[in-house]
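Written out below as structure tokens is the structure these notes cover.
2 protein chains.
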Amino acid sequence: MKDITSKLINLFKQGYCTPQIARIAKKIKEPSTTIHYNIKKLEREGKIISYKGVFDYKKIEEGHVTFILVNLSDDNYGEPEGVAQELAKDPRVESIDICTGDYELIIKLRTKDIDEYYEWIKNTVHKFKFSKSYSITSLKQVKTEFVELK
Amino acid sequence: MKDITSKLINLFKQGYCTPQIARIAKKIKEPSTTIHYNIKKLEREGKIISYKGVFDYKKIEEGHVTFILVNLSDDNYGEPEGVAQELAKDPRVESIDICTGDYELIIKLRTKDIDEYYEWIKNTVHKFKFSKSYSITSLKQVKTEFVELK
DNA sequence: GTTAATATTTGAAGATTATTCAGTTATATA
DNA sequence: TATATAACTGAATAATCTTCAAATATTAAC
Chain A
4 MKDITSKLIN LFKQGYCTPQ IARIAKKIKE PSTTIHYNIK KLEREGKIIS
54 YKGVFDYKKI EEGHVTFILV NLSDDNYGEP EGVAQELAKD PRVESIDICT
104 GDYELIIKLR TKDIDEYYEW IKNTVHKFKF SKSYSITSLK QVKTEFVELK
Chain B
4 MKDITSKLIN LFKQGYCTPQ IARIAKKIKE PSTTIHYNIK KLEREGKIIS
54 YKGVFDYKKI EEGHVTFILV NLSDDNYGEP EGVAQELAKD PRVESIDICT
104 GDYELIIKLR TKDIDEYYEW IKNTVHKFKF SKSYSITSLK QVKTEFVELK
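So the protein sequences, as listed, match chains A and B.
Residues 4 to 153 (our numbering) are what the first sequence spells out, left to right.
Residues 4 to 153 (our numbering) are what the second sequence spells out, left to right.
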């Protein structure tokens with residue numbers, strides 16, 4: 004066993020996919036060279052960043068979703084971007100936004116289970132000196148990354 | 004002008020992409036047939052749902068992100084799934100979860116601007132009889148769909 | 001521990017698809 | 001209206017995916 008699947012999952016999380024030009028050409032009834040031209044244009048303009056996989060996260064041990072609202076400590080309050088970019092490096096962080104309202108950050112985190120979540124939040128609160136955080140746990144994911152789940 | 008790009012964006016939002024087997028094979032130094040076999044296995048097992056595009060949403064007129072926490076009316080409180088699945092059909096809804104805590108739903112919505120957001124929330128509150136909602140606006144997207152933004 | 005069944009890996013061949021290129025048509029600009 | 005630029009497209013080529021059959025490895029049963 005070479006455990007290729009876990010490597011594949013990591014690659015597909017961010018990219019290593021490509022458009023199906025021939026299939027699209029059939030679908031919208033245009034020549035494949037026209038489709039090709041328009042896709043390259045979207046890429047050139049930077050409108051398309053990447054092509055990636057979407058998973059049934061329960062089946063890949065990432066079924067536990069938590070939204071975490073964060074207050075930063077006084078030290079980091081003025082510049083949340085550095086903290087956010089650091090957190091963004093964690094592959095379990097699906098999204099992170101700097102936001103309005105009572106909290107400065109909103110993080111969408113994917114872990115295997117509540118135990119892994121607990122470890123993550125404990126370590127992260129300590130490391131980044133969050134002054135407060137409020138976690139909302141997903142009970143059921145109905146749609147993710149624009150893809151409806153069945 | 005045939006406006007092919009907007010059709011492409013819609014298709015890539017949910018799929019119409021495919022893995023780059025040859026590129027992956029080089030990357031992890033395994034034969035492409037082995038990569039092929041393992042990908043098909045992941046698909047067969049339902050671990051991979053789809054391959055899709057990720058966009059620079061500001062450049063495609065979807066740069067305004069809002070997280071909306073929702074309380075349902077008494078009518079819908081007991082069965083939030085129906086409401087969630089209905090909302091999931093909207094292409095501007097990136098994700099929707101049924102959740103713990105003070106609110107029953109958490110929606111991640113992408114609109115062109117705050118005006119489109121206002122129209123959406125006004126219509127949706129009315130249509131689905133939300134008893135209360137709390138919106139958090141993203142000021143800066145640092146990471147989305149597991150992809151770091153620059 | 002041996003055997004049988006099943007799953008994974010792999011190279012070679014064929015089928016399909018992406019890409020390049022050159023020419024055409026359409027759109028925008030002066 | 002003339003000119004420049006952008007968008008579209010068919011034909012040929014290059015690259016990739018997919019199938020297949022055989023080898024190897026893993027698992028299960030006895």
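For each residue, glycine too, the CB sits at the ideal point set by N, CA and C.
Just so you know, these numbers come straight off a predicted model, no measurement behind them.
A residue is called buried once 16 or more other Cβ atoms fall within 10 Å of its Cβ, and Thr127 (chain A) is buried on that count. Just so you know, the alpha carbons of Tyr54 (chain B) and Val57 (chain A) end up roughly 6 Å apart. Spatial neighbours of Asp100 (chain B) in its own chain (CB-CB distance under 6 Å, excluding positions within 5 residues in sequence) are listed in chain order as Ile109. Inside the region 38 to 96 of chain A, DSSP marks whole alpha helix (DSSP H) runs of 4 or more residues at positions 77 to 80, 83 to 91, from first to last along the chain. Under the Cβ criterion of 9 Å, Leu152 (chain A) is counted among the residues facing chain B. Taking 9 Å as the cut-off, the beta carbon of Tyr120 (chain A) is found no closer than this to the beta carbon of Gln23 (chain B). For Tyr137 (chain B), the enclosing beta strand (DSSP E) starts and ends at 135 to 147. For Glu107 (chain B), the secondary structure class from DSSP, reduced to helix, strand or coil, is coil. Residues of chain B whose Cβ lies closer than 7 Å to the Cβ of Asn41 (chain A) are, in chain order, Ile7, Thr8, Leu11. Counted as a single uninterrupted DSSP element, the beta strand (DSSP E) harbouring Pro22 (chain A) occupies residues 20 to 22.
Leu11 (chain B): member of the alpha helix (DSSP H) spanning 7 to 17, first to last residue. Contacts between Arg26 (chain A) and chain B, judged by CB atoms closer than 7 Å, involve Tyr19 in chain order.
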